[in-house]
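Since the structure comes first, as structure tokens, the remarks are kept for the end.
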Amino acid sequence: MLQTQEVGYWYKNEDEFLYKNVNLTFQRGKMYAILGASGSGKTTFLSLIAGLDLPKAGEILYNEESLKKIGLRNYRKNDVSIIFQAYNLLPYMSALDNVLTAMSISSSKQADKKTYALENLANVGIDEVLATKNVTQLSGGQQQRVAIVRALCCDHELIVADEPTGNLDEKTSKEIVQLFQKVAHEQQKCIIIVTHEQEVANACDAVYELKNQRFELVK
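No gaps in the numbering here: position 74 of the sequence shown is 1436 in the working numbering, and each next residue is one more.
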């Protein structure tokens, strides 16, 4: 589904690369973790597979077609949902409207979008009262859950998440990870989670660790 072919990335000087010659494969129906210490380049890698930036070397393929050919904008609109560490919610909207807007932009095929969005929000503890509040009135953990639901409610087959449990308590974190597992396995979506939490990585089907500028399959 998603492949990196000889991917390399650096900021200014090629000799000071974050990584080079990266060849990874991600498949539908599985949940993956990209594990690594802070500053190792995990989030930069996520930005590449999410179509927010292009690699300095190599190519990224989605369904065997280069992201360059698909076009990054089309790829983000039609194929991939992104869960940002900083939420990136629209601050002038309610939680519900944030989800509905994303569903509209991605041309979701759900017949009753509002009911579907409210059901998914309720699944992560955001009831209808909270759902109709402006997102700035919600706690950081609640905003994170809204951001997760926003991604899950789009019809995209690929979901990438940057530290999605970083602002959640232990109980909620476990529930979110279980929700990711269910979505990946039952809806045959591909979920890629960038994390430094070993507990999150342990719940994934496969784990790549980024260490010393190399990706290693450790699970």
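By construction, the Cβ of each residue, glycine as well, lies at the ideal position given by its N, Cα and C atoms.
- Message: Rounded to the nearest angstrom, what separates aspartate 1510 and glycine 1502 at their Cα positions?
- Response: Note that residue 1510 is isoleucine in the sequence shown, not aspartate. Rounded to the nearest whole angstrom, the C-alpha separation of isoleucine 1510 and glycine 1502 is 12 angstroms.
- Query: Do you know how far the Cα of lysine 1404 is from the Cα of leucine 1414?
  - Reply: Rounded to the nearest angstrom, the two C-alpha atoms are 14 angstroms apart.
- Query: Assuming isoleucine 1555 contacts tyrosine 1394 under a Cβ cut-off of 8 angstroms, what Cβ separation, rounded to an integer in Å, is found between them?
  - Reply: Isoleucine 1555 to tyrosine 1394, Cβ: 7 angstroms. Contact.
- Task: Just grab the DSSP bridge partners of glycine 1370 for me.
- Result: The partner list for glycine 1370 (beta bridge, DSSP) reads Ala1419.
- Task: Mind checking which residues open and close the alpha helix (DSSP H) that includes asparagine 1440?
- Result: Segment 1434-1440, the alpha helix (DSSP H) holding asparagine 1440.
- Message: Tell me which residues share the same chain as phenylalanine 1446 and place their Cβ nearer than 7 angstroms to its Cβ, disregarding the 5 neighbours each side in the sequence.
- Response: For phenylalanine 1446, the CB contacts under 7 angstroms within the same chain, skipping 5 residues up- and downstream, are Ala1509 and Asp1524 in chain order.
- Message: So for methionine 1393, helix, strand or coil by DSSP?
- Response: Reduced to three states, the DSSP call for methionine 1393 is strand.
- Query: For leucine 1364 versus cysteine 1552, is the C-beta spacing smaller than 8 angstroms?
  - Reply: In this structure, cysteine 1552 lies closer than 8 angstroms to leucine 1364 by Cβ.
- Query: Which partner residues does isoleucine 1444 have in the DSSP bridge list?
  - Reply: According to DSSP, which records beta bridges pairwise, isoleucine 1444 is partnered with Val1522.
- Query: Where leucine 1500 and leucine 1492 are concerned, what is the direct C-alpha to C-alpha distance, given to the nearest angstrom?
  - Reply: Going by the C-alpha atoms only, they are around 8 angstroms apart.
- Minimum length 4: unbroken alpha helix (DSSP H) runs contained in the segment 1528-1567: Runs of the alpha helix (DSSP H) inside the segment 1528-1567: 1532-1548 and 1560-1564.
- Pairwise C-alpha distance: glutamate 1376 and lysine 1392: Straight-line Cα distance between these residues: approximately 33 angstroms.
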